[in-house]
Amino acid sequence: KAGVTQTPRYLIKTRGQQVTLSCSPISGHRSVSWYQQTPGQGLQFLFEYFSETQRNKGNFPGRFSGRQFSNSRSEMNVSTLELGDSALYLCASSLVAPSYNEQFFGPGTRLTVL
Amino acid sequence: QQQVKQSPQSLIVQKGGISIINCAYENTAFDYFPWYQQFPGKGPALLIAIRPDVSEKKEGRFTISFNKSAKQFSLHIMDSQPGDSATYFCAASGDSGSARQLTFGSGTQLTVLP
Chain B
3 KAGVTQTPRY
13 LIKTRGQQVT
23 LSCSPISGHR
33 SVSWYQQTPG
43 QGLQFLFEYF
53 SETQRNKGNF
63 PGRFSGRQFS
73 NSRSEMNVST
83 LELGDSALYL
93 CASSLVAPSY
103 NEQFFGPGTR
113 LTVL
Chain X
-15 QQQVKQSPQS
-5 LIVQKGGISI
5 INCAYENTAF
15 DYFPWYQQFP
25 GKGPALLIAI
35 RPDVSEKKEG
45 RFTISFNKSA
55 KQFSLHIMDS
65 QPGDSATYFC
75 AASGDSGSAR
85 QLTFGSGTQL
95 TVLP
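As given, the protein sequences belong to chains B and X, one line each in that order. Residues in the first sequence are numbered from 3 upward in steps of one, following the working numbering. Residues in the second sequence are numbered from -15 upward in steps of one, following the working numbering.
If you want it as structure tokens, here you go:
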């Protein structure tokens, strides 16, 4: 079974631009979560989608948004990029279980903001 | 309440030795505690996970010990190998309504010397 795929793997943008990152979950997984990883803040939760609905959101400004499509694929968007948005953006997918879910991560998209 | 504290920040172990990484949490609503392994340029990979109804879980050379009363859990890597050199993250999640998010520790960079 193929793992979580993320595109693009690397991205370079300049301040003020916007960016869209894509994530394809493991086949059959219906929940997609996004995390930001930086050396200073570590791994931080951005948001989680299930059935095209955002169920949970972390403590990030409104410039960070996302969506999920009917095939469970997800995109996240960052508008008006700032230097501090440079990070590894990770997508994780999971089945939906009644009490807990194992989250499987993709390789990430390395975003550099100049 | 959402914080997970991880120690040590870095760890150097000889080949064949035991690597021990510790985590402590505050939120008593957490009920799922996974450990992730991350190699440079890769996304975190789920290594092993435990729920608070058991005090220990072993998978191969990897063991999680869980102390619910102390709100602590640890990862033990037996017979550590140079290939185990990576960054290890503990995490925790709880059921916030219908959604779950992982709260990560700050990571431990493990180096296993040959």
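All residues carry an ideal CB built from backbone N, CA and C; glycine is no exception.
Per DSSP, the continuous beta strand (DSSP E) segment holding residue 93 (chain X) begins and ends at 92 to 97. Residue 87 (chain B) sits away from residue 116 (chain B), with the two beta carbons spaced by 8 Å or more.
In chain B, no part has a C-beta under 7 Å from the C-beta of residue 45 (chain X); the shortest such distance is about 20 Å.
DSSP lists no beta-bridge partner residue for residue 98 (chain B). Of the other Cβ atoms in all chains shown, fewer than 16 fall within 10 Å of the Cβ of residue 9 (chain B); this residue is therefore exposed. In this structure, residue 95 (chain B) lies away from residue 24 (chain B), with their beta-carbon atoms at least 8 Å apart. Taking CB atoms only, residue 33 (chain X) has a neighbour in chain B less than 8 Å away. Note: residue 38 (chain X) is not bridge-paired with any residue in the DSSP secondary-structure output. Close to chain B, meaning a Cβ-Cβ distance shorter than 8 Å, are the following residues of the region -2 to 32 of chain X: 15, 16, 18, 20, 25, 26, 27, 28, 29, 30. With distances taken between CA atoms, residue 31 (chain X) lies nearest to X:22 out of X:22, X:55, X:96.
The alpha-carbon separation between residue 56 (chain B) and residue 74 (chain B) amounts to approximately 12 Å.
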